[in-house]
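Asks:
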Amino acid sequence: MGLYEFFYEYFVLPIRENQGYNPVNTLVYAIILGIAVLALYRMLKEMGIKTDDRFFKALVPYILLGPLMRSMTDVGILPRTYLTVSPGGYFVIAAFAIASLYAVWRHCRDEKLYPIYSNFGWVLVAGLLFLLVINLDKVSFNWRVFKYFIPALIIAEAFIWLLSKKLALVRDNSLLFYTHFYDATTTFVGIQFFGFWEQHVLARWFINTFGTPAVMYLEKFLILLPVVWVLDRGMDGEDPDLISFVKLTIFILGFGPGTRNLMIMLMGGG
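First residue of the sequence shown? That's 2 in my numbering, and the numbers climb one at a time after it.
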């Protein structure tokens, strides 16, 4: 197998035929993500931008762009291309977010940076929402999703709340656990009640092995617990900004896919 055939089989074909992820592209994308996180952290460090509440609030519209774009692609409002589905779509959103941050930073390095950066992101969100509104005829809203989603989410988050009373590690990182159990809930509801399927390799293996999408909660917990242990205990003494940025990335990796799943179900995509 030549280099072109290898790239086509493991990277192009899965996107073109909506096959989901495979072990090869999963590993490569994970490496790219790791490199990107470190590069972005260094960039923010040089720009004097801390990963604090101000930065998080400014990032919110950019975090929402990915799920919104993907759900609009699935219902046919946006064309299905390598740049509108994952992971290409997230590369595009990340490029917009980084470029706009740099552009704003070049002209405004005081407290005004955060609201200006945020407003630019909300303009992009408003643009997609405008496209959604004028194409509502392509959307078949399925409000039955809430019949299953809300009870499942309440039970899942109640479990994390109870666990946070016993485990300090969960309590100190409760937002991350709440967020990823939200993501797990959207996956569970989508597969269990609406005929969706899991695209990620490890999650697919868990579901096939245990025979139920409810195992997503276990998968999330088994992965997240040691990760936050390493960040809070194993990296004690490391740059707190780096740890905060990694945690922000983990939050996005839960909130983004979870919101995408929920929007696709609500909009009748698949």
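Note that the Cβ used here is the ideal one computed from N, Cα and C, for glycine as well.
Near Asn143, which residues of its chain fall below 7 Å by C-beta distance, leaving aside the five closest residues on each side in sequence?
Replies: Start at 1 with the first residue of the sequence shown, and residue 143 comes out as number 142. So the qualifying residues of the chain are Met266, Leu267, Gly269.
Asks: What's the C-alpha gap between Val146 and Glu18?
Replies: Locating residue 146 in the sequence shown gives position 145, counting from the first residue. Locating residue 18 in the sequence shown gives position 17, counting from the first residue. The straight-line gap from Cα to Cα measures roughly 26 Å.
Asks: Check the C-beta distance from Ser72 over to Met217 and give it rounded, since I have them as a contact under 8 Å.
Replies: Translated into positions along the sequence shown, residue 72 becomes position 71. Translated into positions along the sequence shown, residue 217 becomes position 216. Ser72 to Met217, Cβ: 20 Å. No contact.
Asks: How long is the line joining the alpha carbons of Ala37 and Pro80, rounded to whole angstroms?
Replies: Translated into the one-based positions of the sequence shown, residue 37 becomes position 36. Translated into the one-based positions of the sequence shown, residue 80 becomes position 79. Going by the C-alpha atoms only, they are around 27 Å apart.
Asks: Secondary structure at His201, three-state DSSP: helix, strand or coil?
Replies: Here residue 201 refers to the residue found at position 200 when the sequence shown is read from its first residue. Note: His201 maps to coil in three-state DSSP.
Asks: Of the choices Gly35, Ile99, Ala31, whose alpha-carbon is the least far from that of Pro62?
Replies: As a position in the sequence shown, residue 62 is number 61, starting the count at 1. Cα-wise, what sits closest to Pro62 is Ile99.
Asks: Give the single residue among Pro68, Tyr83, Leu39 whose Cα lies nearest to the Cα of Ile16.
Replies: Indexing the sequence shown from 1 puts residue 16 at position 15. Comparing Cα positions, the closest option is Tyr83.
Asks: What residue from Tyr30, Asn136, Tyr149, Ala104 has the CA that sits closest to Gly122's CA?
Replies: Sequence index remark: in the sequence shown, residue 122 carries index 121 (1-based). The option with the nearest alpha carbon to Gly122 is Ala104.
Asks: Do the stretch 230-248 and the stretch 112-130 touch if we need at least three Cβ pairs shorter than 8 Å?
Replies: Verdict: no, contact absent.
Asks: Quick one: is Asn174 buried, meaning 16 or more other Cβ sit within 10 Å of its Cβ, or exposed?
Replies: Indexing the sequence shown from 1 puts residue 174 at position 173. Counting Cβ neighbours within 10 Å, Asn174 comes out buried, since at least 16 surround it.
Asks: Here's the rule I'm using: 16 or more other beta-carbon atoms within 10 Å means buried, otherwise exposed. How should Val275 be labelled?
Replies: What the structure shows of the chain is the stretch from 2 to 271, and residue 275 is not part of that stretch, so it cannot be assessed.
Asks: Taking the C-alpha atoms as reference points, what is the distance between Ile251 and Ser119?
Replies: Here residue 251 is taken as the residue at index 250 of the sequence shown, counted from 1. Here residue 119 is taken as the residue at index 118 of the sequence shown, counted from 1. Ile251 and Ser119: Cα-Cα distance of roughly 20 Å.
Asks: Taking the straight line between their C-alpha atoms, what separation do you get for Ala273 and Ile50?
Replies: For residue 273 there is no data in the structure shown, the boundaries of the chain being 2 and 271.
Asks: How is the alpha helix (DSSP H) around Val140 delimited, first residue to last?
Replies: If you number the sequence shown from 1, residue 140 lands on position 139. Note, Val140: premise wrong, no alpha helix (DSSP H); not H, not E.
Asks: By the 10 Å Cβ neighbour count, where 16 or more other Cβ atoms means buried, how is Pro152 classified, buried or exposed?
Replies: On the sequence shown, position 151 is the one that residue 152 refers to. Pro152 should be labelled exposed.
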